[in-house]
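Have a look at the structure below before the remarks.
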Amino acid sequence: MSELVPTAVVTGGSRGIGKAVAKTLAGRGFQIYLTYVSKADEAGAVVEDILAAGGKARAFALDVSRPEAVAAFFQEEIRDKVFLSVLVNNAGIAKDNLILRLKDEDWDKVLNTDLRGPFVCMREAAKIMTRQRLGRIVNLVSVVGQMGNPGQANYSAAKAGLIGLTKTGAKELAARNITVNAVAPGFVETDMTGSLSEETRRVYLEQIPLKRFGTAQDVAEAVAFLASDKAAYITGQVLSVNGGMYC
Ligand code: NAP
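Each residue of the sequence shown is one higher than the one before, counting from 215 in our numbering.
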């Protein structure tokens, strides 16, 4: 298997944090397989940027909320074709509302994308990584999965669940030299947070001791560390990148 190209799969690599992670890991020498769900142009632009910088990258349309599509992707594009060094479970959505108004449909959409999606990706990646006897899995969780947030019952439950999945995955897969960790961003400037009102932004900023919002690159650096050889003895951990918002 040593001749296979070391590859990092980054789900949701077309925009925001996933884009920064894809570019950062490409700069550390990994071939990047980034996925997107609808924004093919943005995914293509990230691939072009990586190629222009001398790296290797491909983009794949993959809805992580569809288990059969995820299984087919790992089976057809990854298994025996590349060395799966890293899986970054980054793809995520939010559909916010107060519990009293939250529809079952929006609960299911967020849980299926933000929790079942990473679970199925982890399961399919683990089938390959266990054969390799090496692998790194990094899950994007959130400060709201650690502390809760009014209006985000579905999202915070999914992210808290993903923290539990991270810790269990770490224990189950350690024997095969696979580490499983999570990065928990606070408030990061991306499309996901772009629609928040000025008032909401002001309230969040007041809760951040470092007095600024995070950047996608702040988060990408933490992911790249956990994906590196330097983090070989770290597993089952949640690394917060939140400016001190929750500690
Ligand atoms: P973003 O800018 O909204 O980008 C979301 C990414 O996920 C896009 O690449 C999108 O693809 C992809 N995606 C959405 N649904 C998908 C699905 N069903 N299947 C596959 N890909 C899907 O989000 P972000 O702010 O960068 O957040 C990235 C991760 O960090 C998420 O897990 C989020 O929960 C977490 N996080 C973000 C913040 C923050 O403040 N921004 C804070 C804490 C945690 P398309 O481009 O094709 O739509």
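Idealized CB from N, CA, C, for every residue including glycine. Small disclaimer: the values here were computed from a predicted structure and weren't measured.
Does ligand 1 have a heavy atom nearer than 7 Å to the CB of residue 304?
yes
For residue 276 versus residue 329, is the C-beta spacing smaller than 8 Å?
no
Helix, strand or coil, according to DSSP, for residue 222 in the structure here?
In this structure, residue 222 counts as strand in the three-state DSSP scheme.
With a threshold of 16 other CB atoms inside 10 Å of the CB of residue 232, please say whether the residue is buried or exposed.
buried
Per DSSP, what kind of secondary structure is residue 344 in: helix, strand or coil?
helix
Is DSSP giving residue 421 helix, strand or coil here?
coil
Contact between the region 390-406 and the region 340-360: three or more CB pairs below 8 Å?
yes
Look up residue 460 in the DSSP assignment and say whether it is helix, strand or coil.
coil
Could you give the uninterrupted runs of the beta strand (DSSP E) lying entirely in the region 378-452, keeping only those of 3 residues or more?
392-399
Give me the Cα-Cα distance between residue 241 and residue 321, rounded to the nearest whole angstrom.
Going from the Cα of residue 241 to the Cα of residue 321 covers about 37 Å.
Quick one, are the C-beta atoms of residue 302 and residue 224 less than 8 Å apart?
Against a cut-off of 8 Å, the Cβ pair of residue 224 and residue 302 comes out as a contact.
Go ahead and pull the three-state DSSP assignment for residue 329.
helix
Between the alpha carbons of residue 268 and residue 262, how many angstroms are there, rounded?
10 Å
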